[in-house]
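With the working numbering, you'll find the sequence shown wraps up at 551, consecutive numbering, no jumps.
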Amino acid sequence: MITIQGKGVSKGIAKGPIYFFRSPDASVTKKTVADVAGEKARLAAAQAASIAQLNDLAEKCQKDAGEDMAMLFETHAMFVEDEDFVQSIMDILEEESCNAEYAVDEAGKQFSAMFAAMDDAYMQARAADIKDVARRILDNLTGAAAGGIDSEEPVLLAADDLAPSETLQLDKSKILGFVTRGGSGNSHTAILARTMGIPAICSAGEALLESYQGRMSYIDGETGQLIIDPDPITLAALKEKFEKQAELKTLLETMKGQEDVTLDGKKIMLYCNIGSPEDVTAVLNNDGQGIGLFRSEFLYLRASDYPTEDEQFEAYRTVAAAMNGKRVVIRTLDIGADKQVDYFNMKKEENPALGVRAIRICLNRPEVFRTQLRALYRASVYGKIAIMFPMITSVWEVKECRRACKSVMKELDAEGIPYDPDTEIGIMIETPASVLVAPELAELVDFFSVGTNDLTQYTLACDRQANDLGKFFDPHHPAVLRALKMAADAAHKAGIWIGICGELGADLTMLPTFLAIGIDELSVSPASVLPLRAAIRQSIAKTCTLEKLEC
Ligand code: PEP
Ligand code: MG
Numbered sequence: 001m002i003t004i005q006g007k008g009v010s011k012g013i014a015k016g017p018i019y020f021f022r023s024p025d026a027s028v029t030k031k032t033v034a035d036v037a038g039e040k041a042r043l044a045a046a047q048a049a050s051i052a053q054l055n056d057l058a059e060k061c062q063k064d065a066g067e068d069m070a071m072l073f074e075t076h077a078m079f080v081e082d083e084d085f086v087q088s089i090m091d092i093l094e095e096e097s098c099n100a101e102y103a104v105d106e107a108g109k110q111f112s113a114m115f116a117a118m119d120d121a122y123m124q125a126r127a128a129d130i131k132d133v134a135r136r137i138l139d140n141l142t143g144a145a146a147g148g149i150d151s152e153e154p155v156l157l158a159a160d161d162l163a164p165s166e167t168l169q170l171d172k173s174k175i176l177g178f179v180t181r182g183g184s185g186n187s188h189t190a191i192l193a194r195t196m197g198i199p200a201i202c203s204a205g206e207a208l209l210e211s212y213q214g215r216m217s218y219i220d221g222e223t224g225q226l227i228i229d230p231d232p233i234t235l236a237a238l239k240e241k242f243e244k245q246a247e248l249k250t251l252l253e254t255m256k257g258q259e260d261v262t263l264d265g266k267k268i269m270l271y272c273n274i275g276s277p278e279d280v281t282a283v284l285n286n287d288g289q290g291i292g293l294f295r296s297e298f299l300y301l302r303a304s305d306y307p308t309e310d311e312q313f314e315a316y317r318t319v320a321a322a323m324n325g326k327r328v329v330i331r332t333l334d335i336g337a338d339k340q341v342d343y344f345n346m347k348k349e350e351n352p353a354l355g356v357r358a359i360r361i362c363l364n365r366p367e368v369f370r371t372q373l374r375a376l377y378r379a380s381v382y383g384k385i386a387i388m389f390p391m392i393t394s395v396w397e398v399k400e401c402r403r404a405c406k407s408v409m410k411e412l413d414a415e416g417i418p419y420d421p422d423t424e425i426g427i428m429i430e431t432p433a434s435v436l437v438a439p440e441l442a443e444l445v446d447f448f449s450v451g452t453n454d455l456t457q458y459t460l461a462c463d464r465q466a467n468d469l470g471k472f473f474d475p476h477h478p479a480v481l482r483a484l485k486m487a488a489d490a491a492h493k494a495g496i497w498i499g500i501c502g503e504l505g506a507d508l509t510m511l512p513t514f515l516a517i518g519i520d521e522l523s524v525s526p527a528s529v530l531p532l533r534a535a536i537r538q539s540i541a542k543t544c545t546l547e548k549l550e551c
């Protein structure tokens, strides 16, 4: 039996073979080959598969995502066969008698560097397309087909960690659980696992060896253990847990359709966090009463160029319509820091978490902001959309955001395009600055939503991505909780509602504190809705205390 101790970040037991995710950015090894003709044949097959996939994607986009996206994939398909690009791969293969992977990787790097060095901004942006095309051919060469999982059966996905854009591409029906060498409870792998309601472990470290590929194993998301070939006693314990898990699931099913109300009548809005329109299914399956955080950046991370207004409109409309009149809070673009998007061509920063991210990008690039706001307002007539701005620190930022909204509404009026003029506008409370000026901010908006992941990071000066900060990164710290109370008091004084959309919202041990503070809404991963509902329904708000705010 091999036991690897990591940190459990999404509860539950999962059993399956370990499968290592090949990161698209993983380095490609050069190998000398005797059979260059054989490599050329492999290359031809990978090119054909890539073209077929890209044509499929283009066709799909024609139906669901609009003409521009479709054209992008068509262009990618053409580039797979581009004469100069293919010649460059062939030259490397022949001159260096190497494997096709190496030749594709090298040619891809050369071409993307060449485009990146051009003067024209449009041509520069094509560098990302070329990287994408080379990556696709590579995936087809190595067998890591689109989705990153080349396995017939579902697997326990192992990786160093997954970037946000990688999590979007995964074929989620193939994943039973996650185990990563790095990452933290706030990493995107952990967030994705909780959204999917599957077990996950992070910080497993170097003990997670690639040679375990294919070994039948168990993930225990509670203890944070990955167990390979369990001995009979451990196996019996795991089976017992597995059965209890199934029993609990049945019990939680009875919570569906029930109200989110405490025994003494305090109602809570129990909403869900989602990362893409596909996650709405999980929201509906778990009876979420709304969406409290739709991370709209998925659209930008998934694309290789700025998503158009129509593409965005389609995505927001789909979610709003699927939620059928229930509130859908859509957060405007929150990239920068750990979420990098090539085509934004952002300058390298020493401290990206303190740099040009989130609302700062939107205020610096009014055109990008305007496109998103137009799409949001256009979608507002298809459901109950609320717009939320991330990473606010100052009153002037909110005033500028409101001005941008007004200007978009005026444009739509002039064009005769319908929108909901009463669309709610809210902000995220994620910085100590926003807490300190919360009374003034509350006068300008309809709601606050506290991003406890970032609020913890900025209040405690602790990098949320670092996995070795251990107990220093503590969302239960009285400073974070007092900040939460200050924001709640300011919100209620101004007559607006306040929610929590950070990961802390799903922490059942914190529910009494949230009730004592008077939090109105909790937005959590879909899988956390029913356990939280069960806990809310057993609580008595009046007897909850603020003891956790004491040092
Ligand atoms: C947060 O910071 O708590 C939050 C919800 O936003 P994100 O995790 O996407 O930064
Ligand atoms: Mg945040």
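Every residue gets a Cβ at the ideal spot worked out from N, C-alpha and C, and that includes glycine.
Less than 8 angstroms separating the beta-carbons of ASP105 and LEU138? yes
Taking only the alpha-carbon atoms, compute the straight-line gap between ARG374 and LYS384 and give it to the nearest angstrom. 16 angstroms
Within 8 angstroms, do at least three Cβ pairs link the region 312–328 to the region 342–353? no
Below 8 angstroms, how does it come out for the region 260–280 and the region 520–532: are there three or more Cβ pairs, yes or no? yes
Residue burial classification, MET78 (beta-carbon count within 10 angstroms, cutoff 16): exposed
Identified DSSP bridge partners for VAL155: ILE175
Which residues have a Cβ closer than 6 angstroms to any heavy atom of the ligand PEP, listed in chain order? LEU293, ARG295, ASP334, GLU430, GLY451, THR452, ASN453, ASP454, CYS501, GLY502
Local conformation of THR3 per DSSP, three classes: strand
So, helix, strand or coil for ARG537, using DSSP? helix
Comparing the C-beta of LEU532 with each C-beta of chain B, is any distance below 8 angstroms? Absent from the structure is chain B; it holds one protein chain and no more.
Output the distance between the C-alpha atoms of MET216 and LYS174, rounded to the nearest integer angstrom. 15 angstroms
Buried or exposed for ILE417, going by 16 or more other Cβ atoms inside 10 Å? exposed
I need the straight-line Cα distance from VAL28 to TYR102, nearest angstrom please. 6 angstroms
So SER528 and LEU511 are supposed to be a Cβ contact under 8 angstroms. How far apart are they, rounded? With 8 angstroms as the limit, SER528 and LEU511 do not qualify as a contact, their Cβ atoms being about 11 angstroms apart.
Should ILE4 go down as buried or exposed, given a rule of 16 or more other Cβ atoms within 10 Å for buried? buried
Buried versus exposed call for HIS188 [16 or more other C-beta atoms within 10 Å across all chains shown]: buried
Do SER88 and VAL36 come within 8 angstroms of each other at the CB atom, strictly closer than that value? no
Counting only the same chain and skipping the five closest in sequence on each side, list residues whose C-beta sits under 6 angstroms from that of ASP129. SER304
Please confirm whether any heavy atom of the ligand MG lies closer than 7 angstroms to the CB of PRO390. yes
Terminal residues of the beta strand (DSSP E) in which PHE294 lies: 291–295
Taking 8 angstroms as the cut-off, does the region 475–484 touch the region 419–428 (at least 3 CB pairs, one atom from each stretch)? no
Between the Cα of ALA190 and the Cα atoms of GLU521, VAL9, LYS406, which residue gives the shortest distance? VAL9
Can you tell which of PRO17, ASP489, GLY499, ALA321 has its C-alpha closest to the C-alpha of LEU226? PRO17
Since ARG328 is in the beta strand (DSSP E), which residue starts that stretch and which ends it? Here residue 328 turns out to be Val, not Arg, going by the sequence shown. Run containing VAL328: 327–331, per the beta strand (DSSP E) assignment.
Please list, in chain order, all residues of the same chain as LYS256 whose beta carbon is under 6 angstroms from its beta carbon, the five residues on each side excluded. ASP287
Endpoints, beta strand (DSSP E) assigned at PRO478: Where PRO478 is concerned, there is no enclosing beta strand (DSSP E), although the alpha helix (DSSP H) it sits in stretches over 478–493.
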